[in-house]
Amino acid sequence: MKITVLSRSASISSTRRIVEAGRARGHRVRVLNPLRVQMHLDGGSQATILYDRKKLTPTDVVIPRIAQSISTYGLAVVNQFGLARVPLVNHAQAIAQSRNKMRALQLLSAHGIDIPATVMARDAAHLKEMVGLVGGVPVLVKLLQGQEKHGVMVCESLQSLEAALEAVLGLGHNLVMQEYVRSTGQDVRVLVVGGQAIAGVLRKPRPGRLSHTLNRGARLESLTLSPSHRATAEKVARLVGLEVAAVDILDVQGHPKVFEVNSSPALLEMEAATGMDLATPIIERAEALVAGAVPVWSAALETPQALLPPPERKGPVKVNVPRS
Numbered sequence: 001m002k003i004t005v006l007s008r009s010a011s012i013s014s015t016r017r018i019v020e021a022g023r024a025r026g027h028r029v030r031v032l033n034p035l036r037v038q039m040h041l042d043g044g045s046q047a048t049i050l051y052d053r054k055k056l057t058p059t060d061v062v063i064p065r066i067a068q069s070i071s072t073y074g075l076a077v078v079n080q081f082g083l084a085r086v087p088l089v090n091h092a093q094a095i096a097q098s099r100n101k102m103r104a105l106q107l108l109s110a111h112g113i114d115i116p117a118t119v120m121a122r123d124a125a126h127l128k129e130m131v132g133l134v135g136g137v138p139v140l141v142k143l144l145q146g147q148e149k150h151g152v153m154v155c156e157s158l159q160s161l162e163a164a165l166e167a168v169l170g171l172g173h174n175l176v177m178q179e180y181v182r183s184t185g186q187d188v189r190v191l192v193v194g195g196q197a198i199a200g201v202l203r204k205p206r207p208g209r210l211s212h213t214l215n216r217g218a219r220l221e222s223l224t225l226s227p228s229h230r231a232t233a234e235k236v237a238r239l240v241g242l243e244v245a246a247v248d249i250l251d252v253q254g255h256p257k258v259f260e261v262n263s264s265p266a267l268l269e270m271e272a273a274t275g276m277d278l279a280t281p282i283i284e285r286a287e288a289l290v291a292g293a294v295p296v297w298s299a300a301l302e303t304p305q306a307l308l309p310p311p312e313r314k315g316p317v318k319v320n321v322p323r324s
């Protein structure tokens, strides 16, 4: 089988692990930098995908590892492979949905997934007034633009919140504000592949670090997934439509609250913490898709209205039309 991994570099640890796992199972694996892919469209039925201006040879399946910083172009490349009917381990629409933090939370909340109390507004004054809706300070402030590693900050006072809001909104960024659980919650990451939760870790910040700056040197510990962790993570991945997803959960006294979904999770750190091979299941899922397995994202490509249950009707609806 010919596997194409879309990644900025073959030396990135997670990309390297996927390549190693694919070759260990006897497949031909190539890594393509999405920014070096060109797409030729002419309004006809035969679009052309090129790499460094040369026509790309066919592939059996594509595994996207699109960096946040190149989402717009990278997702166009993923989508072009999808239009060419190449099986995708993560569809462009599902990746985009996971990266729009507010839309992802809206989707999950509408389908009964518990999330931390969240507010979004465009004006700093409105956000300050809404602090009480998320339980008061401290609060999490999450950027809806920018690179993921720098997209979260914790504001422990109204003064620091005001300064952060003015600075962030002044730069033209949108953001959401969420409740922050200081001591009663645990941060859990669950890796889901092909609709099945296969591994979980606890993420613990370095001494002196607040939770949710966890991607800056956090310590990971293996975790035996509870039925609620497993069921919640699997449902979230299915709703967002991701074949491969890391679902980040706040476990508050055994009750899971989902606060983020990631489509290109780091593998090496989770492998080190769990002692598990987490790259091979991704290759196995790619094999299954090539063999005709039903994609996880197929149901999620319906409209949000189609995914929601029909509203309960209690009688005819009256509409008052003003007389002209």
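For the sequence shown, full-length UniProt numbering begins at 1 and goes up steadily by one. Yeah, the Cβ is synthetic: ideal placement off N, Cα and C, and Gly gets one too. None of the values given here were measured: they were computed from a predicted structure.
- [ ] Identify whether S222 lies in helix, strand or coil by the three-state DSSP scheme.
- [x] Numbered from its first residue, the sequence shown carries residue 222 at position 222. Under the three-state reduction of DSSP output, S222 falls in the strand class.
Since E179 and A117 should fall inside the 8 Å C-beta cutoff, what is the C-beta to C-beta distance between them, to a whole number of angstroms?
Counted from its first residue, the sequence shown places residue 179 at position 179. Counted from its first residue, the sequence shown places residue 117 at position 117. Indeed, because the Cβ distance is near 4 Å, the residues count as touching under 8 Å.
Can you say whether L214 is buried or exposed, counting buried as having 16 or more other CB atoms within 10 angstroms of its CB?
The residue given as residue 214 occupies position 214 in the sequence shown. Note on L214: pLDDT 42, under 50, position unreliable in the model; the coordinate value appears next. The residue is buried, with at least 16 neighbouring Cβ atoms inside 10 Å.
Using alpha carbons as the reference points, say which of P281, V193, L278 and Y73 lies closest to V296.
-> As a first step, residue 296 must be located in the sequence shown, where it is residue number 296. V296 has its Cα closest to that of V193, out of P281, V193, L278 and Y73.
**Asked** If you check the beta carbons only, do L289 and V5 fall under 8 Å apart?
**Response** As a working note, residue 289 is residue 289 in the sequence shown. As a working note, residue 5 is residue 5 in the sequence shown. With respect to the 8 Å criterion, L289 and V5 are not classified as neighbours on the basis of their beta carbons.
By the three-class DSSP mapping on this structure, what secondary structure does L210 have?
In the sequence shown, counting from the first residue as 1, residue 210 sits at position 210. Confidence at L210 is low in this model, with a pLDDT of 48, below 50, so the placement of that residue should be treated as unreliable; the coordinate-derived value is given next. Here L210 sits in coil by DSSP.
How big is the Cα-Cα spacing for T48 and G82? Position 48 of the sequence shown, counting from 1, holds the residue named residue 48. Position 82 of the sequence shown, counting from 1, holds the residue named residue 82. For T48 and G82, the distance between alpha carbons rounds to 13 Å.
_Taking its Cβ as the centre, do 16 or more other Cβ atoms sit within 10 Å of A124, making it buried, or is it exposed?_
The residue labelled residue 124 in the question sits at position 124 within the sequence shown. So A124 ends up on the buried side.
* Compute the Euclidean distance between the alpha carbons of residue 327 and L158, then round it to the nearest angstrom. => One cannot answer for residue 327 here, as it falls past the ends of the chain, which runs 1 to 324.
When DSSP labels each residue in this structure, what does G292 get in the three-state scheme?
Here residue 292 corresponds to residue number 292 of the sequence shown, with the count starting at 1. Reduced to three states, the DSSP call for G292 is coil.
State the CB to CB distance for the pair V190 and V247, rounded to an integer number of angstroms; the pair is presumed to be in contact (CB under 8 Å). Walking along the sequence shown from the start, residue 190 turns up at place 190. Walking along the sequence shown from the start, residue 247 turns up at place 247. Yes, V190 and V247 are in contact; Cβ-Cβ is about 5 Å, under 8 Å.
Nearest neighbour of E287, chosen from R8, R25, R65 and S14 [CA to CA]: Here residue 287 corresponds to residue number 287 of the sequence shown, with the count starting at 1. The shortest Cα separation from E287 among R8, R25, R65 and S14 belongs to R25.
Tell me which residues share the same chain as A293 and place their Cβ nearer than 6 Å to its Cβ, disregarding the 5 neighbours each side in the sequence.
Within the sequence shown, the letter at position 293 stands for residue 293. For A293, there are no CB contacts under 6 Å within the same chain when 5 residues up- and downstream are skipped.
Return the Cβ separation of I70 and P34 in integer angstroms, given the expectation that the two are a contact with Cβ distance under 8 Å.
Translated into positions along the sequence shown, residue 70 becomes position 70. Translated into positions along the sequence shown, residue 34 becomes position 34. About 6 Å; that satisfies the 8 Å criterion.
Considering only residues of the same chain and omitting the five flanking positions on each side of G74, which have a CB-CB separation below 8 Å? In the sequence shown, the residue the question calls residue 74 occupies position 74. Once the five neighbours on either side are set aside, the close Cβ partners of G74 are L6, P34, L35, P64, I66 and A67.
- In terms of residues, what are the limits of the beta strand (DSSP E) holding Q178? Here residue 178 refers to the residue found at position 178 of the sequence shown. Where Q178 is concerned, the enclosing beta strand (DSSP E) stretches over L175 to E179.
CB of L140 within 8 Å of CB of V152, strictly = As a working mapping, residue 140 is identified with position 140 in the sequence shown. As a working mapping, residue 152 is identified with position 152 in the sequence shown. Yes, the pair counts as a contact, with Cβ atoms nearer than the cut-off.
Can you check whether the CB of L220 is closer than 8 Å to the CB of R203? By one-based count along the sequence shown, residue 203 stands at place 203. By one-based count along the sequence shown, residue 220 stands at place 220. The answer is yes: Cβ separation under 8 Å.
Could you please give the first and the last residue of the uninterrupted alpha helix (DSSP H) stretch that includes G170? If you number the sequence shown from 1, residue 170 lands on position 170. Here the alpha helix (DSSP H) through G170 covers L158 to G170.
### Query
What are the uninterrupted segments assigned as beta strand (DSSP E) that are 3 or more residues long and contained completely in the stretch 249-281, given in chain order?
Every unbroken stretch of the beta strand (DSSP E) spanning 3 or more residues and falling wholly within the stretch 249-281 is given here in chain order: 255-262.
Among A233, S228 and V236, which has the Cα closest to the Cα of Q253? Taking the first residue of the sequence shown as position 1, residue 253 is located at position 253. Q253 has its Cα closest to that of S228, out of A233, S228 and V236.
message: For a quick check, are the C-beta atoms of T232 and V258 less than 8 Å apart?
response: Within the sequence shown, residue 232 is the residue found at index 232, counting from 1. Within the sequence shown, residue 258 is the residue found at index 258, counting from 1. Contact: yes.
* **According to DSSP, residues forming a beta bridge with K142** => By one-based count along the sequence shown, residue 142 stands at place 142. Answer is V152 and V176.
Q. Where does the unbroken beta strand (DSSP E) through M1 begin, and where does it stop?
A. On the sequence shown, position 1 is the one that residue 1 refers to. Counting along the chain, no beta strand (DSSP E) covers M1, and no H or E run does either.
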